[in-house]
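Just so we're aligned: the sequence shown equals residues -5 to 87 in my numbering.
Ideal Cβ placement from N, Cα and C applies to all residues, glycine included.
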Amino acid sequence: MNLSQPDLHRPVVIVNELGLHARSAAKIAEVAQNAKHKVWIARDTEKVDAASIIDLLTLGCIKGTEIVVCIESPADQPILNQIIDLVEAGFGE
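Here it is, written out as C-alpha coordinates:
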(Lines of atoms letter the chains of each structure in order from A and count residues from 1; the text may use other names and numbers.)
(Lines give C-alpha, C1' and ligand atoms only; values in the text may rest on other atoms or scores of the structure.)
Protein backbone atom coordinates (compact mmCIF):
# COMPACT_ATOMS: atom_id res chain seq x y z
CA MET A 1 0.00 0.00 0.00
CA ASN A 2 1.41 3.37 -0.97
CA LEU A 3 0.37 5.66 1.89
CA SER A 4 2.09 8.65 0.32
CA GLN A 5 -0.76 8.83 -2.20
CA PRO A 6 -3.96 8.63 -0.14
CA ASP A 7 -6.13 8.80 -3.27
CA LEU A 8 -4.90 5.31 -4.14
CA HIS A 9 -6.58 3.65 -1.16
CA ARG A 10 -9.77 4.11 0.83
CA PRO A 11 -11.17 2.35 3.88
CA VAL A 12 -14.76 1.13 3.90
CA VAL A 13 -16.84 -0.97 6.31
CA ILE A 14 -18.78 -4.06 5.24
CA VAL A 15 -22.42 -3.18 6.01
CA ASN A 16 -24.47 -6.06 4.63
CA GLU A 17 -25.72 -8.72 7.05
CA LEU A 18 -24.00 -11.62 5.28
CA GLY A 19 -20.60 -9.94 5.16
CA LEU A 20 -18.30 -10.52 2.21
CA HIS A 21 -19.62 -13.81 0.82
CA ALA A 22 -19.42 -15.48 -2.62
CA ARG A 23 -22.01 -13.30 -4.39
CA SER A 24 -20.62 -10.03 -3.04
CA ALA A 25 -17.03 -11.14 -3.71
CA ALA A 26 -18.05 -11.90 -7.30
CA LYS A 27 -19.38 -8.36 -7.69
CA ILE A 28 -16.11 -6.86 -6.43
CA ALA A 29 -14.06 -9.18 -8.65
CA GLU A 30 -16.13 -8.27 -11.70
CA VAL A 31 -15.42 -4.55 -11.18
CA ALA A 32 -11.74 -5.13 -10.33
CA GLN A 33 -11.21 -7.13 -13.53
CA ASN A 34 -11.97 -3.97 -15.52
CA ALA A 35 -9.02 -2.10 -13.96
CA LYS A 36 -5.96 -1.24 -16.03
CA HIS A 37 -3.67 -2.14 -13.09
CA LYS A 38 -3.93 -4.34 -10.00
CA VAL A 39 -6.64 -3.69 -7.42
CA TRP A 40 -6.18 -4.98 -3.89
CA ILE A 41 -8.39 -5.43 -0.86
CA ALA A 42 -6.65 -5.28 2.51
CA ARG A 43 -7.87 -6.37 5.92
CA ASP A 44 -5.50 -5.81 8.83
CA THR A 45 -2.13 -7.08 7.53
CA GLU A 46 -3.53 -9.29 4.75
CA LYS A 47 -3.81 -7.99 1.18
CA VAL A 48 -5.47 -9.94 -1.64
CA ASP A 49 -6.16 -9.55 -5.34
CA ALA A 50 -9.60 -7.94 -5.68
CA ALA A 51 -10.12 -9.68 -9.03
CA SER A 52 -10.07 -13.11 -7.33
CA ILE A 53 -13.28 -14.31 -5.66
CA ILE A 54 -11.40 -17.02 -3.75
CA ASP A 55 -8.78 -14.55 -2.49
CA LEU A 56 -11.53 -12.18 -1.32
CA LEU A 57 -13.30 -14.95 0.57
CA THR A 58 -10.08 -15.83 2.45
CA LEU A 59 -10.30 -12.44 4.21
CA GLY A 60 -13.30 -13.71 6.21
CA CYS A 61 -15.05 -10.34 6.40
CA ILE A 62 -18.22 -10.30 8.48
CA LYS A 63 -20.57 -7.34 8.88
CA GLY A 64 -18.70 -4.46 10.52
CA THR A 65 -15.26 -5.43 9.18
CA GLU A 66 -13.19 -2.55 7.85
CA ILE A 67 -11.37 -3.22 4.60
CA VAL A 68 -9.15 -0.96 2.52
CA VAL A 69 -9.56 -0.83 -1.25
CA CYS A 70 -6.21 -0.12 -2.93
CA ILE A 71 -5.36 0.71 -6.53
CA GLU A 72 -1.91 0.94 -8.10
CA SER A 73 -2.66 3.76 -10.53
CA PRO A 74 -4.73 6.96 -10.42
CA ALA A 75 -6.13 5.83 -13.79
CA ASP A 76 -8.20 3.26 -11.87
CA GLN A 77 -9.87 5.82 -9.58
CA PRO A 78 -13.31 5.03 -11.12
CA ILE A 79 -12.77 1.34 -10.23
CA LEU A 80 -11.91 2.28 -6.64
CA ASN A 81 -15.05 4.43 -6.43
CA GLN A 82 -17.24 1.66 -7.89
CA ILE A 83 -16.00 -0.87 -5.33
CA ILE A 84 -16.49 1.59 -2.46
CA ASP A 85 -20.04 2.30 -3.71
CA LEU A 86 -20.79 -1.43 -3.93
CA VAL A 87 -19.62 -2.07 -0.36
CA GLU A 88 -21.42 1.00 1.07
CA ALA A 89 -24.64 -0.10 -0.67
CA GLY A 90 -24.40 -3.56 0.92
CA PHE A 91 -23.83 -5.09 -2.54
CA GLY A 92 -27.48 -4.37 -3.37
CA GLU A 93 -28.67 -7.08 -0.98
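Strand pairing of residue i, partner residues [DSSP]
| i | result |
| --- | --- |
| residue 60 | 7 |
| residue 43 | 34 |
Close Cβ partners of residue i (< 7 Å) along its chain, the five nearest in sequence each way excluded
| i | result |
| --- | --- |
| residue 27 | 45 |
| residue 11 | 57 |
Boundaries of the alpha helix (DSSP H) in which residue i is found, first to last residue
| i | result |
| --- | --- |
| residue 20 | 16 to 26 |
| residue 82 | 71 to 82 |
Inter-residue CB distance, residue i and residue j (contact presumed, cutoff 8 Å)
| i | j | result |
| --- | --- | --- |
| residue 59 | residue 25 | Not confirmed; about 19 Å, so no contact. |
| residue 35 | residue 53 | 7 Å |
Contacting residues, own chain, Cβ-Cβ under 6 Å from residue i (five flanking each side not counted)
| i | result |
| --- | --- |
| residue 124 | The question about residue 124 has no answer here: the residues shown for the chain are numbered -5 through 87. |
| residue 19 | 47, 50 and 51 |
Interface flag, residue i vs chain B, CB-CB below 7 Å
| i | result |
| --- | --- |
| residue 20 | Looking at the structure shown, chain B is missing, and only one protein chain is on hand. |
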